[in-house]
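Input: a single structure, listed below in structure tokens.
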Amino acid sequence: MKTGLWLQRTALIFLLGCAGALAQAACPAHTEGFSCTEYESPPRHASTPSGRYVMYFYIETCPHCQDARPKVDAWRKTLPQDLKYIEHVAKWRDREGAAFAYRIESVPSFVVNGKYLIAIDSWEPEHTDAAIALVSELAGLEPAD
Numbered sequence: 374m375k376t377g378l379w380l381q382r383t384a385l386i387f388l389l390g391c392a393g394a395l396a397q398a399a400c401p402a403h404t405e406g407f408s409c410t411e412y413e414s415p416p417r418h419a420s421t422p423s424g425r426y427v428m429y430f431y432i433e434t435c436p437h438c439q440d441a442r443p444k445v446d447a448w449r450k451t452l453p454q455d456l457k458y459i460e461h462v463a464k465w466r467d468r469e470g471a472a473f474a475y476r477i478e479s480v481p482s483f484v485v486n487g488k489y490l491i492a493i494d495s496w497e498p499e500h501t502d503a504a505i506a507l508v509s510e511l512a513g514l515e516p517a518d
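Sequential numbering from 374 applies to the sequence shown in our numbering.
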């Protein structure tokens, strides 16, 4: 009887801890070199997967996207298998495309779980690093050592 009660309490504490960790993930009040916006309602597109995901939007001829590419690729290689990673070439006039559905206004940009839009506005490498760190946090990933 006592073991069952202990298990229930342990499970409750664990669930409350998880809920607290999830509740803490949000766009920061201030960012430098990138923006973070929380969608009021999650956008949907044919490419939207189920489960956890990060979408990366870029344009192949964008110099800033090319500068960010090595950092994004290195980060992508560290992602767990249960987090889906999808890349989209942003096409501005394609009203059927993912960039339109997710309201992408600049590149490079990330969408996290259909809840957050992170757009890198700066050419500074440390701002790209900070944006990727925020994407990781919002996606529920453990901080890198």
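We put the beta carbon where it would ideally sit given N, CA and C, even for glycine.
By the neighbour-count criterion, in which a residue is buried when 16 or more other Cβ atoms sit within 10 angstroms of its Cβ, residue 422 is exposed. In the DSSP annotation of this structure, residue 509 is not part of any beta strand (DSSP E); the continuous alpha helix (DSSP H) holding it starts and ends at 498-511. If you draw a straight line from the Cα of residue 505 to the Cα of residue 424, it is about 20 Å long. Comparing alpha carbon positions, the residue from 500, 498, 445 and 487 closest to residue 512 is 487. Segment contact: the region 462-469 against the region 404-415, fewer than three CB-CB distances shorter than 8 Å; contact not assigned. Per DSSP, reduced to three states, the secondary structure at residue 409 is strand. Secondary structure at residue 461: strand, using DSSP grouped into helix, strand and coil.
Using a Cβ distance threshold of 8 Å, residue 507 and residue 409 count as a contacting pair. Inclusion of residue 431 and residue 481 in the CB contact set at 8 Å is warranted, their separation being smaller than that value. Under DSSP, residue 430 shares a beta bridge with 461 and 482. For the pair residue 399 and residue 450, the Cα-to-Cα distance works out to about 24 Å.
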